[in-house]
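Trainee:
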Amino acid sequence: MKYFVTTFEGAEDIVEKEIKERVKAKIEKQKGFLILDKKEDLENLRSIVRTGVYLKHFKVKDLKDYKKQIKDIDFSFINEEFAVYCERLGNHKFSSKEIEIATAEKIKAKVNLTSPKVLVYIKIRDEDCLIGTDLFQKRIDKPDYRIKPHPNSLNSAIAYIGLNFSEYKPKNSILDFFCGSGIIPIEAALMGGKEVYASDNQYYCTEAASINSKVAGVKINLSKTKLEDINKKFKKKFDFIVTDPPIATFRGLNDIYYLYDIMFEKAFTLLKPKGTFTIITTRPQPLIEDSGKFKLKKQLILDKNSLKYYILIFKK
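Residue numbers (the numbering used here): 36 to 351.
#1: Is the beta carbon of Y120 sitting closer than 7 Å to the one on K37?
#2: If you follow the alpha helix (DSSP H) that S131 is in, where does it begin and where does it stop?
#3: Using a 10 Å radius around the Cβ and a threshold of 16 neighbouring Cβ atoms, would you call N207 buried or exposed?
#4: Between K351 and K328, which are expected to be in contact by the criterion C-beta below 8 Å, what is the C-beta distance as a whole number of angstroms?
#5: Strictly by DSSP, which residues pair up with A302?
#6: I'd like the list of long-range same chain contacts for I246, defined as Cβ closer than 7 Å, with 5 residues on each side in sequence excluded.
#7: Sorted by chain position, which residues of the same chain lie with C-beta nearer than 6 Å to N190's C-beta, five sequence neighbours on each side aside?
#8: Beta carbon of S326, beta carbon of F349: below 7 Å?
#9: Determine the closest residue to I70 out of A224, V40, F200, G197, with distance taken between C-alpha atoms.
#10: In three-state terms, what does DSSP make of Y101?
#11: List the endpoints of the continuous alpha helix (DSSP H) containing Y238.
#12: Of the choices A224, K270, I159, D264, whose alpha-carbon is the least far from that of R81?
#13: What's the call for F112, buried or exposed, on a 16-neighbour Cβ count within 10 Å?
#14: Would you mind listing the alpha helix (DSSP H) stretches within the region 177-205 that are 4+ residues and don't spill past its ends, in chain order?
#15: Using the C-alpha atoms, what's the distance from T168 back to K91?
#16: Only counting the same chain, and skipping five residues up and downstream in sequence, which positions put a Cβ closer than 8 Å to that of E133?
#17: Is it buried or exposed, E263, if we count other Cβ atoms within 10 angstroms and call 16 or more buried?
#18: Is F12 near I265, with beta carbons less than 7 Å apart?
#19: Tell me, to the nearest whole angstrom, how far the beta carbon of F275 is from that of Y203; I am working on the premise that it is less than 8 Å.
#20: Nearest by alpha-carbon distance to L210: which of I193, E230, M226, N199 is it?
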């Protein structure tokens, strides 16, 4: 039996690395998903979106072609109440509902849309189609600890991918000075980090981060601190600063540029000589154009439902 894990396009190498750290498996990488021959520990992967039993993947042009492609899939193992869920991205001559109906017609068991025992999952991105059964009937990148989300909370899998791409290790000290609801520091702590620090100038953010970290069962050192005062709060030097700063908007462009100037200045003073400054953002240009004394060393681009996230790695 084979299994699949889905992720954001661009993160396939990170997912492969995480799987290999947990289990010995044969892995086949595809665009936006991976196929493997082991089931162990899949729910605990931090860099994935969904996981399940793999059935088939193929190219699809239209609804007629889709029906032809699924003819050879044996759905007879589904003998309990089921539902079909299609996640579709791109321009197509068919709807997600049509795909779901066409698939359900191939299955003899009873349909149950509210509480199915089996969830058939279909992911269509442009012409690429993946079919399987979702093992956990949920998105893995929406962890249970996120009970106090921030309006612009970072996706937990993207936070993990950013930490991994930064080459952060549990032995390293790390700071997030725009912590929001605490996603980045919580993911760092879940990786085993002991010196995890986080701050924000908004009380509701640090309160949310505190609650979420307790639910996650991890300890992070939290403080409500303005960015301008951050070096007064923290006298130590950090190995990593990883953060998701406010993004630039046309309305507040001057204010955000001023904030970025302060951010780069403070990061430079707080980092060790060989420290790493990682920024996760959907609008990279203002950050790349004026990064102060830092140099951009590498970047990773992730595609989240056509919204691009940029993981920018800066060094002194």
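Here a beta-carbon is modelled for each residue, glycine too, at the ideal position from N, C-alpha and C.
Mentor: According to the data block:
#1: No; because the gap between Cβ atoms is not below 7 Å, this pair is not in contact.
#2: S131 -> alpha helix (DSSP H) spans 131-139.
#3: With 16 or more Cβ atoms within 10 Å of its Cβ, N207 is classed as buried.
#4: Contact between K351 and K328 holds: CB atoms are separated by about 7 Å, below the 8 Å threshold.
#5: In the DSSP assignment, no residue is bridged to A302.
#6: The residues are I182, K183.
#7: Taken in chain order, the residues that qualify are D176.
#8: Cβ distance < 7 Å, so S326 and F349 count as in contact.
#9: The shortest Cα separation from I70 among A224, V40, F200, G197 belongs to V40.
#10: If DSSP states are grouped into helix, strand and coil, Y101 belongs with the helices.
#11: Its alpha helix (DSSP H) spans residues 238-251.
#12: Measuring from the Cα of R81, the nearest candidate turns out to be A224.
#13: Around the beta carbon of F112, fewer than 16 other beta carbons lie within 10 angstroms, which makes this residue exposed.
#14: Taking 4 residues as the minimum length, the alpha helix (DSSP H) runs contained wholly in the region 177-205 are 191-200, in order along the chain.
#15: Rounded to the nearest angstrom, the gap between the Cα atoms of K91 and T168 is 11 Å.
#16: Around E133: L98.
#17: Classification of E263: exposed, given that the 10 Å Cβ count is below 16.
#18: This structure cannot settle anything about residue 12, because the visible part of the chain is limited to 36 through 351.
#19: Sure, about 5 Å apart at Cβ, within 8 Å.
#20: The option with the nearest alpha carbon to L210 is E230.
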